[in-house]
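**Student:** Take this structure, written in structure tokens, and hold onto it; I'll ask about it next.
2 protein chains.
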Amino acid sequence: MGRRATIRDVAARAGVHPATASRALNPALPGRVAAETARRVVEAARELGYRPDPAARSLRTRRSGLVGVVVPDIANPVIPPIVRGVENVLWSAGIACLLADTDNDPDREAALIAELRARRCDGLIVATATRADETVAHLADEEVPTVLVTRAVEGADLPLVAGDDASGVRAAVAHLRELGHERIAHLTGPLELSTTVRRLEAFRDAVGVDDPVVLHGEGFTIPTGRTLAAQLLERHPETTAILAGNDMIAVGCYDVLAAAGLRVPDDMSVVGHNDMPLVDSLSPPLTTVAIPQEEIGEQAARILLDRLAGDSPDGSAVRLMPTELVVRGSTAPPRRA
Amino acid sequence: MGRRATIRDVAARAGVHPATASRALNPALPGRVAAETARRVVEAARELGYRPDPAARSLRTRRSGLVGVVVPDIANPVIPPIVRGVENVLWSAGIACLLADTDNDPDREAALIAELRARRCDGLIVATATRADETVAHLADEEVPTVLVTRAVEGADLPLVAGDDASGVRAAVAHLRELGHERIAHLTGPLELSTTVRRLEAFRDAVGVDDPVVLHGEGFTIPTGRTLAAQLLERHPETTAILAGNDMIAVGCYDVLAAAGLRVPDDMSVVGHNDMPLVDSLSPPLTTVAIPQEEIGEQAARILLDRLAGDSPDGSAVRLMPTELVVRGSTAPPRRA
DNA sequence: TTGAAAGCGCTAACAA
DNA sequence: TTGTTAGCGCTTTCAA
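If you read the protein sequences in the order shown, they are chains A and B. For the first sequence, numbering that gives the first Met the number 0 assigns the number 0 to the initial residue and increments by one for each residue that follows. For the second sequence, numbering that gives the first Met the number 0 assigns the number 0 to the initial residue and increments by one for each residue that follows.
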């Protein structure tokens, strides 16, 4: 196969000037072309398998057709469905996704975002924000349209799409209270993430106790869950139900409870958050708050597309997608209700 | 902030011609610049925060600095670690990853690969190949360097990086036979995937029985595992150990065995493949073959980088990365050995 | 409605 | 070693 067809080849074949061919192929408003001419150009383009050179177009139009997707760790099970949703919507709009994985490292985040900007991404989807994330906060001042997913930055004027964690937590607490639990403890993830804070505030609101037991962890991981569960058993043995900050923390609780000879849910109820793969295959299957992750990604992508199209300068719009409590086998009435 | 600095701005500030500035910034071989000049240019570039415009550079050099990463489903837990490895190595080399998710749809795969080519990706990493994948097979004839991961195409002259499934399966079978199992059944995934065939062949080789029990499934999913396990119990009740095509199929087995009142591992041993997240938290924790997924991704990226650098036209090199049998609680000696 | 001309920012030949 | 020149392929004025 020879070199690929250019707009000049198309124009030549259609017997018109390249500029005319370009106009015919780009149904933009000004300078319409005659229907018959347009037909010939389109036909020629099809025959030649013409695809505009993105570099040339981008150089001219200052648009790359690229969106950067910044994730904390693609191997974290919460992230892939979000990316799927984003990717799906953006490809449909003719935009490609540059994936950037920060590995939860703020320096790497800064470097990758700089690189993404250097590559002239038309927009950014950011899933890595910490509450005090300077790098991300600065994006609000810059010209590159940005949408946050799941994690918010405090005080930054950036739109956010996330799961409605508060309502999920309220449903979880209501579920536990209906079962008869009165000693419910909350084992959180890292406080620098907005998700942790949203869940924590909702827990405090819903639990109906002045000073509920809350233990803070350093990560959203199984080891964190183990550490916290061990602390909980030692300091607050009267607890009958655990609301874990996420599913991994809940699994850590499973481990420690089993080691302590306590049974879930008979001796302790456990609720997770996220409904990640396989938590329904644990023993017992985990009751947890499901988040519509793919829809979150899709919605974020749509908002970004609107911005790219020049719409809505409504800075920090927050779009919360409905969550759902999935009741499984890890919750039951307390022993001595 | 005004418009971003161009090479002309840098050149002006350094008091040299743009071409000289370009040479100073690109430590390519021909046309070296004087050390002092280079220093001034680099300094000027730094002061101005100069970043070359990728579109302009790409238009000139015919290199986009982009690699397409084609995955069957980013939400499939096997995939993200691979992508991480790829992404990590490529970013380090100054190359960005365009993520394309085919959702296991051959038409979508064809469309996305066409799009990736239209966008002038310098190379492709493809994790979606089926054994008879025409779209991917054609890539061998094209000019765009391509590396396959995990899944091979039959007869295509394309390098592949994958886990050494055969050795993993051999280790698994050896483990079961050492425990005393003689009736080992293999429940496979879809036959159109090369992974299935590799694992199946290794199983046949290792099991030491003329006509071992093999049941074929249609997917690598929990429902598939359930279907196959149910068939197995009905048709081959003498079986004492199951080698599942992957972890999801193994989990499906767990479900059906429990429903049938059979205990793992006492009544039936089960071995998975992949060692995906949380299989170590199942009851019992799953014995499985771990695959170095991130290393596979890294290796694939390195091979692609070599190709981009013009190295090694050794077409269909196959690089198998060592797997490891992780023995957990789902395997034990058979009841009546 | 179409053509002519210019230029986006960069780098590769060639010349000095 | 550096400067000059040209052009990658496209779109967008402006003029016809």
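Glycine is no exception: its CB is placed at the ideal position from the N, C-alpha and C atoms. The structure presented is a predicted model; accordingly, all values stated were derived computationally and were not measured.
#1: Could you check where the beta strand (DSSP E) with A/Met247 kicks off and where it finishes?
#2: Can you tell which of A/Ile81, A/Glu191, A/Gly179 and A/Ala109 has its C-alpha closest to the C-alpha of A/Val148?
#3: Under the assumption that A/Val69 contacts A/Glu108 (Cβ atoms under 8 Å), give the Cβ distance between them as a whole number of angstroms.
#4: Name, please, each residue of chain A whose Cβ falls closer than 9 Å to the Cβ of B/Leu192.
#5: For the alpha helix (DSSP H) that A/Arg164 lies in, which residues bound it at each end?
#6: Taking the straight line between their C-alpha atoms, what separation do you get for B/Asp100 and B/Ala128?
#7: Spatial neighbours of A/Ala136 within its chain, please: C-beta separation below 6 Å, excluding the five flanking residues on both sides.
#8: Looking only at its own chain, which residues have a Cβ that is under 7 Å from the Cβ of B/Leu47, when we skip the five neighbours before and after it?
#9: Rounded to whole angstroms, what is the Cα-Cα separation between B/Ala249 and B/Ser329?
#10: With a CB to CB cut of under 6 Å and the five nearest residues on each side skipped, what residues in its chain are close to A/Val317?
#11: When we look at the beta-carbon of B/Val168 and count the other beta-carbons within 10 Å, is it buried (16 or more) or exposed?
#12: Under the three-state reduction of DSSP, which class applies to A/Val152: helix, strand or coil?
#13: Spatial neighbours of B/Leu227 within its chain, please: CB distance less than 6 Å, with the 5 preceding and 5 following residues excluded, ordered by chain position.
#14: In terms of residue numbering, what span does the beta strand (DSSP E) encompassing A/Asp100 cover?
#15: Which residue or residues does DSSP assign as beta-bridge partners of B/Leu159?
#16: In whole angstroms, what is the alpha-carbon distance linking A/Pro291 and A/Ala161?
#17: Using a Cβ-Cβ cut-off of less than 8 Å, list which residues of the region 244 to 260 of chain B approach chain A; keep chain order.
#18: Could you tell me which of A/Pro332, A/Ser63 and A/Gly84 sits nearest to A/Arg262, measuring between CA atoms?
#19: Just to confirm the assignment, what range does the alpha helix (DSSP H) spanning A/Leu227 have?
#20: Can you tell me the Cβ-Cβ gap for B/Val255 and B/Asp274, rounded? I've got them flagged as a contact below 8 Å.
#21: Just tell me which of A/Asp310, A/Leu97, A/Ser282 and A/Pro17 has its CA closest to the CA of A/Pro51.
#22: Is it true that the region 111 to 130 of chain A meets the region 55 to 74 of chain A, where meeting means three or more beta-carbon pairs spaced less than 8 Å apart?
#23: How would you list, in chain order, the residues of chain A whose beta-carbon sits under 8 Å from the beta-carbon of B/Arg262?
#24: Between A/Ala20, A/Gly14 and A/Glu86, which has its C-alpha nearest A/Ala299's C-alpha?
#25: Is the distance from the Cβ of A/Pro76 to the Cβ of A/Pro276 below 8 Å?
#26: What residue from A/Arg119, A/Pro79 and A/Gly93 has the CA that sits closest to B/Arg2's CA?
#27: At least one CB of chain B closer than 8 Å to the CB of A/Ser282: is that the case?
#28: For a contact meaning CB atoms closer than 9 Å, what does B/Arg45 contact in chain A?
#29: Give the straight-line distance between the Cα atoms of A/Ala95 and A/Arg56, rounded to the nearest whole angstrom.
#30: Using C-beta distances below 6 Å, list every residue in its chain close to A/Pro264, excluding the 5 sequence neighbours before and after it, in chain order.
#31: Could you compute how far the alpha carbon of A/Ala205 sits from the alpha carbon of A/Gly93?
#32: Look up B/Ala240 in the DSSP assignment and say whether it is helix, strand or coil.
#33: Measuring alpha carbon to alpha carbon, tell me which of B/Asn245, B/Phe202, B/His235 and B/Leu232 ends up nearest B/Leu218.
#34: DSSP state of A/Met0, grouped into three classes?
#35: Counting only C-beta atoms, is B/Glu297 closer than 8 Å to chain A at any point?
#36: For B/Ser268, which of helix, strand or coil comes out of DSSP?
**Tutor:** On the basis of the supplied data:
#1: Note, A/Met247: premise wrong, no beta strand (DSSP E); alpha helix (DSSP H) at Asp246 to Ala258.
#2: A/Ile81
#3: 7 Å
#4: Under the 9 Å cutoff, chain A gives no residues; its nearest Cβ is about 20 Å from B/Leu192.
#5: Note that residue 164 of chain A corresponds to Asp in the displayed sequence, not to Arg. Residues Asp164 to Leu178.
#6: 12 Å
#7: Val152 and Ala155
#8: Ala4, Asp8, Val9 and Arg12
#9: 10 Å
#10: Leu159
#11: buried
#12: coil
#13: Leu186, Leu214 and Gly216
#14: Ala95 to Asp100
#15: B/Leu147 and B/Val317
#16: 9 Å
#17: Val250, Tyr253 and Asp254
#18: A/Pro332
#19: Ile221 to Arg234
#20: Wrong, their Cβ atoms sit about 22 Å apart, outside the cutoff.
#21: A/Pro17
#22: yes
#23: Correct list: empty, because the minimum Cβ distance to chain A is about 12 Å.
#24: A/Glu86
#25: yes
#26: A/Arg119
#27: yes
#28: Per Cβ cutoff of 9 Å: no residues; B/Arg45 is ~14 Å from chain A at best.
#29: 15 Å
#30: Ser329, Thr330 and Ala331
#31: 44 Å
#32: strand
#33: At residue 218 of chain B the sequence reads Gly, which differs from the Leu that was named. Checked all of B/Asn245, B/Phe202, B/His235 and B/Leu232; the closest Cα to B/Gly218 is B/Asn245.
#34: Residue placement at A/Met0 cannot be trusted, given a pLDDT of 49 that sits under 50; the coordinates are not used to answer.
#35: no
#36: strand
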